[in-house]
Amino acid sequence: MRFHYQSHYHQPLKGEAIAGLFLLLFPVLLPCLFTPFTYASPSTFSEWNVIKPRHLSLLRSALEGKSSNGEQSDLWTPLADQGWRPCLESVNTPSALPQNSEGYLQVFLDGGLNQQRMGICDAVAVAKILNATLVIPYLEVNPVWQDSSSFMDIYDVDHFINVLKDDVSIVKELPDEFSWSTREYYATAIRATRIKRAPVHASANWYLENVLPVLQSYGIAAISPFSHRLSFDNLPSEIQQLRCKVNFKALVFVPHIRALGDAIVHRLRYPPGETEALSSDYLRVTTDQNDKQRPQKFVVLHLRFDKDMAAHSACDFGGGKAEKLALAKYRQTIWGGRVLNSQFTDEELRSQGRCPLTPEEIGLLLAALGFDNSTRLYLASHKVYGGEARISTLREVFPLMENKKSLASSEERARIKGKASLLAAVDYYVGMHSDIFVSASPGNMHNALVGHRTFENMKTIRPNMALLGQLFLDKNITWLEFRQAVAEGHQNRQGQLKLRKPKQSIYTYPAPDCMCRA
564 MRFHYQSHYH
574 QPLKGEAIAG
584 LFLLLFPVLL
594 PCLFTPFTYA
604 SPSTFSEWNV
614 IKPRHLSLLR
624 SALEGKSSNG
634 EQSDLWTPLA
644 DQGWRPCLES
654 VNTPSALPQN
664 SEGYLQVFLD
674 GGLNQQRMGI
684 CDAVAVAKIL
694 NATLVIPYLE
704 VNPVWQDSSS
714 FMDIYDVDHF
724 INVLKDDVSI
734 VKELPDEFSW
744 STREYYATAI
754 RATRIKRAPV
764 HASANWYLEN
774 VLPVLQSYGI
784 AAISPFSHRL
794 SFDNLPSEIQ
804 QLRCKVNFKA
814 LVFVPHIRAL
824 GDAIVHRLRY
834 PPGETEALSS
844 DYLRVTTDQN
854 DKQRPQKFVV
864 LHLRFDKDMA
874 AHSACDFGGG
884 KAEKLALAKY
894 RQTIWGGRVL
904 NSQFTDEELR
914 SQGRCPLTPE
924 EIGLLLAALG
934 FDNSTRLYLA
944 SHKVYGGEAR
954 ISTLREVFPL
964 MENKKSLASS
974 EERARIKGKA
984 SLLAAVDYYV
994 GMHSDIFVSA
1004 SPGNMHNALV
1014 GHRTFENMKT
1024 IRPNMALLGQ
1034 LFLDKNITWL
1044 EFRQAVAEGH
1054 QNRQGQLKLR
1064 KPKQSIYTYP
1074 APDCMCRA
């Protein structure tokens, strides 16, 4: 099967951008012509209705503007050496494991890819604390994403076990004598071997006092739920560094995810010509073409703007009364209406930086920082609330925007189709190979990649949510004022290393626990 890659490898003209803006705004300027197609009552609201731009004056300026070469060169300059380097010495020195394990440790992890990733790291650390043999963690099916992918579907399990062989004993499955210890077994009744009430951010002593006796009595202990169940503070340095070793060294995606990720990165760096077709053989090496073409730089944008986040934020996203009622109904259905943000006004939420950035707003942020319409942008996201109607404004500002579908054929994507964890794994891999990473709002993917790229000293833009919320509330702000405020507010938010503070996650802030001064 072959498909034609729709290359954008040309310099968009200013006239094209303005024409695009006109097409985007035509339904807004002449709504009477579009009423039959866009009107929706509160009970029949569609997520794909025409979305009116909320910051029209800024959008016009962003489309008309052009960044200077000086700005562009500064943007793409890699981070300078910050005087810190990865430091995992205490777990890199091989040492014999204790001859006798206390028993088998099982953990059951909920959440999405990155929440489960952090849980895996914690599971290895707890197994070390308890001198237990870790069974490859069981990944629960997320009720939102409905992905049943197992650990072995996502990660290279042999690599995982081999990297950690001197630290913790790990097995792929339980021996026959413990084969009864399954998820179904624990779901049907209270079991003595299940630890059900592990506190959030529990101490090492809690595990020694509450889990070790179960291991010693039964030879096995199963902890469920387990997410966020180990403290970030008051742990030995070897345990902290072991968590980082798991996260940054042991957890490697399975070969087919890495291969697809490499293909996507290659096509971003070396975009094919207008008439070229790419076959499903994405492992094909094209060195002759590479020799003739300079590699392009690209930004990965993680656009976390799904329906869950939109509803849970309780913010107003410009969809009118119908959208507000639809999201309120969704909040009631999913959370019984118990959403903390619901007690605040939209203005209060935005001024506190508690509203996720819309595609339009993240586009304006990037434009204000100096990225222009020649910027190659890879969109890492699952489902965007509002669909293409919501993304269209961002695409107008950045016409060279790509995603998995535009860069890989359906045949290439067959093994990850409909599997949220595998789709997220590809985005994570591409994000770790980009020149710049930026996330539209905080979340597990944001936290995981910020930490990993900090560990590797890679450029990462962290939006100043409170500042942006206040700027977008000012309907009289000029483009010049907006750009100046954004530039000043993000000078120290582009990958500069920040030391972890008490209670902060070691997976987001790996220094100083897992990094040393050079």
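All residue numbers for the sequence shown refer to my numbering, where the first residue is 564 and numbers rise by one.
For every residue, glycine included, the Cβ atom is placed at its ideal position computed from N, Cα and C.
Quick caveat, the model's predicted, so the values are computed rather than measured.
Candidates the options, of which the one nearest residue i by Cα
i, options, result
"Pro641", "Gln669, Ala873, Ala1050, Lys860", "Lys860"
"Ser876", "Pro962, Ala755, Pro1026, Arg894", "Arg894"
"Leu866", "Glu911, Glu910, Thr921", "Thr921"
"Val707", "His945, Ile717, Pro616", "His945"
"Ser997", "Leu942, Ile783, Val670", "Leu942"
"Leu727", "Ile925, Leu1043, Ala765, Ala686", "Ala686"
"Ile692", "Arg1016, Gln803, Leu1036", "Gln803"
"Val993", "Asn904, Leu823, Gly950", "Leu823"
"Lys759", "Arg857, Tyr749, Leu986, Ser969", "Tyr749"
"Phe934", "Leu621, Gly682, Gly628, Arg623", "Gly628"
"Arg917", "Gly1006, Gly881, Ala931, Phe816", "Gly1006"
"Phe1045", "Leu927, Leu697, Glu740", "Leu927"
"Leu621", "Ser914, Ile925, His1009", "Ile925"
"Leu651", "Phe811, Ile783, Trp769, Ile717", "Phe811"
"Val1049", "Lys1064, Asn1027, Ile1069, Leu1062", "Asn1027"
"Phe741", "Ile733, Pro776, Asp710, Ile783", "Ile783"
"Gln662", "His618, Arg680, Ser732, Val815", "Ser732"
"Ala891", "Ala874, Gly882, Gln906, Asn904", "Ala874"
Residue i, enclosing alpha helix (DSSP H) - first and last residue
i, result
"Trp898", "883-898"
"Asp716", "714-717"
"Met681", "676-693"
"Asp990", "983-994"
For residue i, the three-state DSSP class (helix, strand or coil)
i, result
"Met1028", "helix"
"Gln1033", "helix"
"His1053", "coil"
"Phe868", "coil"
"Val1085", "For the chain, the structure presents residues 564 to 1081; residue 1085 sits outside this window and is missing."
"Ala877", "coil"
"Leu621", "helix"
"Lys1064", "coil"
"Leu1012", "helix"
"Phe795", "coil"
"Tyr845", "Its pLDDT being 43, under 50, Tyr845 is placed unreliably in this model, and the value from its coordinates should be taken loosely. Coil, per DSSP."
"Val863", "strand"
"Leu642", "coil"
"Leu702", "strand"
"Val707", "coil"
"Arg978", "coil"
"Asn1007", "helix"
"Gln662", "coil"
"Gln1047", "helix"
Segment limits, beta strand (DSSP E) that includes residue i
i, result
"Glu1021", "Before going further, note that residue 1021 is Met rather than Glu in the sequence given. Met1021 -> no beta strand (DSSP E), and no H or E assigned at all."
"Pro649", "647-649"
"Gln669", "667-672"
"Leu942", "939-943"
"Leu697", "696-698"
"Arg1080", "1078-1080"
CB contact flag (residue i, residue j, <9 angstroms)
i, j, result
"Val1001", "Val828", "no"
"Lys1066", "Phe795", "yes"
"Ala1011", "Asp644", "no"
"Gly666", "Leu778", "yes"
"Ala971", "Arg830", "yes"
"Ile999", "Ile1024", "yes"
"Pro762", "Arg792", "yes"
"Ser712", "Tyr701", "no"
"Gly1032", "Leu929", "no"
"Asp721", "Leu660", "no"
"Lys735", "Val698", "yes"
"Asp909", "Asp869", "no"
"Leu940", "Phe961", "yes"
"Pro616", "Glu1019", "no"
"Ser744", "Ala785", "yes"
"Leu676", "Ser1004", "no"
"Leu672", "Glu703", "yes"
Complete alpha helix (DSSP H) runs within the region 799-834 (minimum length 4 residues, chain order): 800-808, 818-832
Secondary structure, beta strand (DSSP E): runs of 3+ residues fully inside the region 724-790: The DSSP assignment places 783-786 as complete runs of the beta strand (DSSP E) inside the region 724-790, in order along the chain (cut-off: 3 residues).
Uninterrupted alpha helix (DSSP H) stretches inside the region 900-971 (no shorter than 4 residues): 909-914, 922-932, 950-960, 967-970
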